[in-house]
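J.: The structure follows.
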Amino acid sequence: MMAGHFDLIVVGAGSAGFSASITAAEQGAKVALVGEGTIGGTCVNVGCVPSKTMIRAMEAVHQARAAGRFAGIGGEVRVDDWQALVAQKDSLVDDLRQAKYIDLLPAYENVSYLNARAWFTDQGLVVEGADMRSDRIIVVTGSSQDVPHIPGMENIDYLTSTTALELAHLPSSLLIMGGGYIGCELAQIFARAGVAVTITCRHELLPEGEPEISAALATVFRDEGINVITGAAYRSAAMVDAQVALEIEADGKRTLLADRLLLATGRSANVAHLNLAAAGVGTNENGGITIDDRMRTSRPGVYAAGDVTGRDQFVYMAAYGGRIAASNALNGDSLVYDNSAMPAVTFSDPQVATVGLTEREARARGIDVKTSVLPLDAVPRALAARDTRGLIKLVADAQSDKLIGAHIMAPEGGDSIQTAALAIQQGMTTKALAAMIFPYLTTVEGLKLAAQTFDKDISKLSCCAG
Ligand SMILES: Cc1cc2nc3c(=O)[nH]c(=O)nc-3n(C[C@H](O)[C@H](O)[C@H](O)COP(=O)(O)OP(=O)(O)OC[C@H]3O[C@@H](n4cnc5c(N)ncnc54)[C@H](O)[C@@H]3O)c2cc1C
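Structural data, given as structure tokens:
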């Protein structure tokens, strides 16, 4: 039985848990890392890694099929063995879990790892099968798929992102509920694999982003044969002749039929087993643990980070939050969590990458806003690639000319967004961005062109945006 006093107990052995534990260990603290389930948590096991490798595989399929856009080239490709692809994905997951989690533990001698559940009582933290004590605790228990309250849902053997990526055989049709980034990514994976996909959402695809991008992504999806239904209200779900029947209202009542239903309606914080109320740890309207900007919960000595806080549910934010929580727990709460230049990427094809404020968010804050929208057919890279799907939208403060938001829908847009993140973090004006030297025939050059669009008609410019 693991027992004793620790400088810090970290509850949850995912990305935030590892980052918090390593930060604390580097400062010489004695740490207990307690995690239930598979070590490594969501990202490596069932999130980022498995989804992104499957997306890349299906991009390869798509690119071969789309090669015909270049004169004289024909391409044919097919998915021969889905099970082999899933097995290859699993082996990548195993390798990365081993290299980035399991193999790290021996390098940090002052971190003791225990695979166990933990929860609170009014006396403090209890760790299953152990007698551990500490004055400082970090809760990093992650999130899980939400199940929407729809009559009949209890009778459906629905898929989640986790089980969908484990399927040994492809269904012939798939209904995806939810137009957030996980729903969008999975829709393209399965559609490109040959499944008849319908994606339904209550608002638009990627509803928190820019409406121009939501509309453009819906067009891309429809062009690929994905049935996109926006503005849907869900009425009921049932099994009819071995198919899922989802009754919705979207331009009238309709029943959607498919072999399988995949829920991608959002993820909620893993707090059910924690008994937070007993410890006086408060939760927010998302069901996540409420924290302040130093990662402190409402109970002194208890911190939280990552998905369990119900916000910024990305792995790099989990790791960042875990680092801040550990430093603050040990060193007097001096560090502040700052997400003002947080990039976010949807790995659709083209990717959708955003940083900073949308136009709507900026206006809601009372900022005098100006925007520029550049279609990708104004970017030489896209013309050369004969792939002009996408656009770039910049949001700036009309008074100061400072860039406050950038939204890119472009192939590999996720790689271009970091330039905009740096510009926002450094308080750059759009004029300064427009005046910077960018390499010709890159996608990121579109940022310069979009910045120039605030003051110029860029169609009158020569090569290299000059
Ligand atoms: C399909 C999918 C794709 C994604 N793609 C990306 C991407 O491309 N990029 C990106 O940045 N993010 C992506 N994410 C999000 C990312 O995976 C998460 O934001 C991140 O993994 C959260 O890390 P965490 O440490 O907060 O939680 P987790 O990694 O979930 O770790 C929490 C751990 O705590 C354990 N636990 C729960 N309750 C208890 C308890 N009571 N006691 C002990 N242990 C407990 C859990 O079992 C789990 O192992 C994706 C997510 C999904 C689902």
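Start counting the sequence shown at -3; every next residue gets the next number (my numbering). The C-beta atom is built at its ideal place from N, Cα and C for all residues, glycine as well. Please read all numbers here as calculations on a predicted model, not as lab measurements.
Hey, L463 and R290 are a contact pair by Cβ (cut 8 Å); roughly how many whole angstroms apart?
T.: No answer is possible for residue 463: the residues shown for the chain start at -3 and end at 462.
J.: Do A378 and T384 count as a contact pair if the criterion is CB distance below 8 Å?
T.: Numbered from 1 along the sequence shown, position 388 holds the residue referred to as residue 384. Numbered from 1 along the sequence shown, position 382 holds the residue referred to as residue 378. Yes, these two residues count as a Cβ contact at 8 Å.
J.: What runs of the alpha helix (DSSP H), each 4 residues or longer, lie entirely inside the segment 5 to 83?
T.: With a minimum length of 4 residues, the continuous alpha helix (DSSP H) runs that stay inside the segment 5 to 83 are 11 to 22, 37 to 42 and 44 to 62.
J.: Among G68, N282, G278 and D131, which residue has its Cα nearest to the Cα of A265?
T.: For the purposes of this step, residue 265 is taken as residue 269 along the sequence shown, with counting starting at 1. The candidate whose alpha carbon is nearest that of A265 is N282.
J.: Pairs of beta-carbons, one from the segment 92 to 103 and one from the segment 31 to 47, closer than 8 Å: are there three or more?
T.: Taking 8 Å as the limit for Cβ pairs, the verdict is that the segment 31 to 47 does touch the segment 92 to 103.
J.: Quick one: using the 10 Å Cβ neighbour count with 16 as the cut-off for buried, is L257 buried or exposed?
T.: Here residue 257 is taken as the residue at index 261 of the sequence shown, counted from 1. Buried, by the Cβ-count rule.
J.: For T261 and D142, which I take to be in contact (beta-carbon distance under 8 Å), what is that distance rounded to the nearest angstrom?
T.: Locating residue 261 in the sequence shown gives position 265, where the first residue counts as 1. Locating residue 142 in the sequence shown gives position 146, where the first residue counts as 1. Indeed they touch by this definition, with Cβ atoms about 5 Å apart.
J.: The beta strand (DSSP E) that contains A192, what's its start and end?
T.: For the purposes of this step, residue 192 is taken as residue 196 along the sequence shown, with counting starting at 1. Unbroken beta strand (DSSP E) run through A192: A192 to T196.
J.: Just to confirm, is the Cβ distance from G410 to A349 under 8 Å?
T.: Locating residue 410 in the sequence shown gives position 414, where the first residue counts as 1. Locating residue 349 in the sequence shown gives position 353, where the first residue counts as 1. Taking 8 Å as the Cβ cut-off, G410 and A349 qualify as a contacting pair.
J.: In angstroms with no decimal places, state the Cα-to-Cα distance between V191 and V27.
T.: For the purposes of this step, residue 191 is identified with residue 195 of the sequence shown, where counting begins at 1. For the purposes of this step, residue 27 is identified with residue 31 of the sequence shown, where counting begins at 1. Cα to Cα, V191 sits roughly 47 Å from V27.
J.: How should C460 be labelled, buried or exposed, when 16 other C-beta atoms within 10 angstroms of its C-beta is the threshold for buried?
T.: Position 464 of the sequence shown, counting from 1, holds the residue named residue 460. C460 is exposed by the Cβ-count criterion.
J.: Please identify the residue among V73, R263, P339 and L110 whose C-alpha is closest to the C-alpha of A(-1).
T.: Counting from one through the sequence shown, the residue named residue -1 turns up at place 3. Nearest option by C-alpha distance: L110.
J.: Buried or exposed: where does P203 fall if 16 or more other Cβ atoms within 10 Å of its Cβ makes it buried?
T.: The residue labelled residue 203 in the question sits at position 207 within the sequence shown. Exposed, because fewer than 16 other Cβ atoms sit within 10 Å of the Cβ of P203.
J.: Figure out for me which residue from L437, D118, P371 and M173 has the closest Cα to the Cα of A228.
T.: Residue mapping note: residue 228 aligns to position 232 of the sequence shown, counting from 1. Of the listed residues, the one whose Cα sits closest to A228 is M173.
J.: Mind checking whether T293 and Y299 have CB atoms under 8 Å apart?
T.: What you label residue 293 is simply residue 297 of the sequence shown in a count that begins at 1. What you label residue 299 is simply residue 303 of the sequence shown in a count that begins at 1. Against a cut-off of 8 Å, the Cβ pair of Y299 and T293 comes out as a contact.
J.: Is D86 near ligand 1 - that is, is its Cβ less than 7 Å away from at least one heavy atom of it?
T.: Here residue 86 is taken as the residue at index 90 of the sequence shown, counted from 1. Incorrect: D86 has no Cβ contact closer than 7 Å to ligand 1.
J.: Smallest Cα separation from Y104: which of Q119, A238 and F14?
T.: Translated into the one-based positions of the sequence shown, residue 104 becomes position 108. Nearest option by C-alpha distance: F14.
J.: Among all the DSSP beta bridges, which residues are the ones paired with M405?
T.: Start at 1 with the first residue of the sequence shown, and residue 405 comes out as number 409. Answer is V348 and L387.
J.: Am I right that A16 and G297 are in contact with their C-beta atoms under 8 Å? What's the rounded C-beta distance?
T.: Position 20 of the sequence shown, counted from the first residue, corresponds to residue 16. Position 301 of the sequence shown, counted from the first residue, corresponds to residue 297. No, A16 and G297 are not in contact; Cβ-Cβ is about 14 Å, not under 8 Å.
J.: Could you tell me which residues DSSP puts in a beta bridge with T251?
T.: Stepping through the sequence shown from its first residue, residue 251 is reached at position 255. In the DSSP output, where bridge partners are listed per residue, T251 has E243.
J.: Just to check, is the beta-carbon of F2 closer than 7 Å to a non-hydrogen atom of ligand 1?
T.: As a working mapping, residue 2 is identified with position 6 in the sequence shown. F2 Cβ: outside cutoff for every heavy atom of ligand 1.
J.: What are the partner residues of L429, as DSSP defines its beta bridges?
T.: Translated into the one-based positions of the sequence shown, residue 429 becomes position 433. Beta-bridge pairing links L429 to no other residue.
J.: Could you pull the start and end residues of the alpha helix (DSSP H) that V136 belongs to?
T.: Mapped onto the sequence shown, residue 136 falls at position 140. V136 -> no alpha helix (DSSP H), and no H or E assigned at all.
J.: Taking 7 Å as the cut-off, is the CB of I178 close to at least one heavy atom of ligand 1?
T.: Taking the first residue of the sequence shown as 1, we reach residue 178 at position 182. The answer is yes for I178.
J.: Does the distance between the C-beta of L170 and the nearest non-hydrogen atom of ligand 1 fall short of 7 Å?
T.: Against the sequence shown, residue 170 aligns to sequence position 174. No, the Cβ of L170 stays beyond 7 Å of every heavy atom of ligand 1.
J.: Run through the DSSP bridge pairs and tell me what H1 is partnered with.
T.: Taking the sequence shown and counting its residues from 1, one reaches residue 1 at position 5. Paired residues: R129.
J.: Counting beta carbon pairs with one atom in the segment 424 to 436 and one in the segment 347 to 363, are three or more of them shorter than 8 Å?
T.: Output reads no: the segment 424 to 436 does not touch the segment 347 to 363.
J.: Could you give the distance in angstroms between the alpha-carbon of A402 and the alpha-carbon of N335?
T.: By 1-based counting over the sequence shown, the position of residue 402 is 406. By 1-based counting over the sequence shown, the position of residue 335 is 339. Their backbone Cα atoms lie some 15 Å apart in a straight line.
J.: Between S139 and ligand 1, is there a pair consisting of the residue's CB and a ligand heavy atom that are separated by less than 7 Å?
T.: If you number the sequence shown from 1, residue 139 lands on position 143. For ligand 1, at least one heavy atom lies less than 7 Å from the Cβ of S139.
J.: Which residue comes first and which comes last in the beta strand (DSSP E) that contains A300?
T.: Along the sequence shown, one-based indexing puts residue 300 at 304. Segment V298 to A300, the beta strand (DSSP E) holding A300.
J.: Can you say whether I285 is buried or exposed, counting buried as having 16 or more other CB atoms within 10 angstroms of its CB?
T.: What you label residue 285 is simply residue 289 of the sequence shown in a count that begins at 1. With 16 or more Cβ atoms within 10 Å of its Cβ, I285 is classed as buried.
J.: What residues match up with N335 in a beta bridge as DSSP calls it?
T.: Position 339 of the sequence shown, counted from the start, is the residue given in the question as residue 335. For N335, which the question treats as bridged, DSSP gives no partner whatsoever.
J.: Please report the straight-line C-alpha distance between L345 and Q84, rounded to a whole angstrom.
T.: Numbered from its first residue, the sequence shown carries residue 345 at position 349. Numbered from its first residue, the sequence shown carries residue 84 at position 88. Looking at the sequence shown, residue 345 is not Leu but Asp. Spanning the two alpha carbons is a distance of roughly 22 Å.
J.: Does any heavy atom of ligand 1 sit closer than 7 Å to the C-beta of D99?
T.: In the sequence shown, residue 99 corresponds to position 103, counting from 1. No - ligand 1 has no heavy atom lying nearer than 7 Å to the Cβ of D99.
J.: Within a Cβ cutoff of 6 Å, which residues of the same chain sit near R359, ignoring the five residues on either side of it in sequence?
T.: Along the sequence shown, one-based indexing puts residue 359 at 363. Excluding residues within five positions, the ones whose Cβ falls inside 6 Å are V365.
J.: On the DSSP bridge assignment, give the partners of A381 in chain order.
T.: The residue you call residue 381 lines up with position 385 of the sequence shown. Beta-bridge pairing links A381 to no other residue.
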